[in-house]
Structures are given as C-alpha cells and as structure tokens.
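Numbering (our numbering), first residue to last: 7 to 270.
Below is the structure:
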C-alpha cells in the first residue's frame, strides 16, 4: 500500500476513534468525577481499632458532608468525640478535593482537543498535525491519571492548616486532611500538640526534648502524637481510573502507528 494511501487510512481510523470512543470516554470520566448529583456516601472505618468510624459524602469535586466519630488517646482524655461539617455556619461548608478539580480541568482540555483534532484534514501536513493532537490528548490523560494517584503535598498537613471553622466541635489539637491516593478517598487525622516558644517539654521514653520532633504548622511548632489514616473505596473514582488507563492505551497505540507511518 502506498505511503500516502496508508496515511489516509490511518488518519481515518484515528479520526473515528478520537471523535467517538475517546470523546465518549472523556465525557464519561468528567461526569463521574465532577457532576455533583446527590453525592456518594463513603464509609470511613479503621480496621483494627475504634479510632475512626463514620461516613463522608463526595459530591463531584468536594466533600459535601462528614459525620465521623474519632477516638484519639491524646485528645479529649481518650474519650470518643464526633466531628461533622458545620452546615449552620456562614462558611461555605464544602471541602474541595483539589485533585478532582485538577483532573477535571485536564480532561476538559483533552475533550476540547478531541472534538476539534481532525477538523482540518486538507492541510498539507495533516499527518504531523494529527500526531501533535494525539500527543496532546495523551499528555492530558496521563496528567489526569497521575493527579488522581498522588496528592500535592502543598495542600496537606503540615503546609496547609485545617480550616476548623468548617467543622463542629473539632478540637484545636486535631488536624484533618481529605485527599485521593490511587483513586481512593483518604481521611487523614493527626493529634497534635502546640509547643510554646521555648519548645518546652521532655519525652522521657526517648530522652529527648519534644522540640527535637517539632515541625512548623499554622505559624507555630507542633509535634504529632497520633495519626490515623483510612482509605474509602469510591466506585466512581475506581471506574474513572480504569477508563483513563484504557484511553491512555488507545492513544498510545494510535500515536505509535502514526510515528511508524510518518517515519517512512
């Protein structure tokens, strides 16, 4: 088959796949990620202790509600206490999941490219243009995949303080983060102690001053006494991760085919 004819056939195949299955896949992922609907309740439970028990609700790009029973040895004299989002406050009581927001932005960019990638197939360098577009699509899909896998440390403890105004009855010596890890929702709770300016206090077990373990947090120095980290399986996020991996594979195949033909 002549090279020009093979390129035409390949561009037709790529156009069909990008404008149908790739576009539909991106739209499906965006819907599962970002559309609020009524929210999806996720169980929060520590397996081997009574440390965390409760439910959180993910609605699109936010944690819309939370009702969590915590039991930390170094907080509230070890007695259980309940933490909820304070829907009676004047604050916007939704906790943003920045990873979902960022992944949605990447997919929106990809969708815009997918719907216009093959609009001009009369261009003399249409093969190279198609390869560039598919490479851009692949880059955005990969960025979305990586974003859902790992949180940005700048948005978490100790760099980002907990907004205690969002919660009812949250003690000042408790820090809570919500984020994604490998497409599961993580509830990460720390019991902390604020040190005075001198860093006074002595850990008899370690034979060291407490300040040896202090870290900066919220403009002060703290030590972490306890940490409870719980994973909650979110079926929509898992489905999105699987779909994005499939889209990545399809785009990789299309790009390799174009690389081969354009190299002839």
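Positions of the beta carbon are idealized from the N, C-alpha and C atoms, including for glycine.
Could you tell me the boundaries of the beta strand (DSSP E) in which residue 46 lies?
Here the beta strand (DSSP E) through residue 46 covers 46-51.
By how many angstroms is the C-alpha of residue 253 removed from the C-alpha of residue 104?
For residue 104 and residue 253, the distance between alpha carbons rounds to 22 Å.
Kindly list the residues whose CB is nearer than 7 Å to the CB of residue 250, restricted to its own chain and excluding five residues on each side of it in sequence; keep chain order.
35, 147, 150, 151
Could you tell me which residues DSSP puts in a beta bridge with residue 233?
Residue 233 is bridged to 196.
Does the distance from the C-beta atom of residue 73 to that of residue 90 stay below 7 Å?
yes
How far does the alpha helix (DSSP H) with residue 18 in it reach, from first residue to last?
9-23
Please classify residue 252: does DSSP put it in a helix, a strand, or coil?
Three-state DSSP puts residue 252 in a helix.
Going by C-alpha to C-alpha distance, which of 190, 198, 192 sits closest to residue 178?
198
Short of 6 Å in beta carbon distance, which residues of its chain neighbour residue 227, apart from the five on each side in sequence? Order them along the chain.
So the list reads 201, 220, once near-sequence residues are dropped.
So what does DSSP say about residue 121, is it helix, strand or coil?
Three-state result, residue 121: coil.
Can you tell me which of the three DSSP states residue 166 falls into?
DSSP places residue 166 in coil when its eight states are reduced to three.
Endpoints, alpha helix (DSSP H) assigned at residue 60
First-last for residue 60: 58-65, but that is the beta strand (DSSP E), not the alpha helix (DSSP H).
Mapping the DSSP letters down to three states, classify residue 260 as helix, strand or coil.
helix
Straight-line CA distance for residue 110 to residue 84?
Near 40 Å, if we compare the C-alpha coordinates of residue 84 and residue 110.
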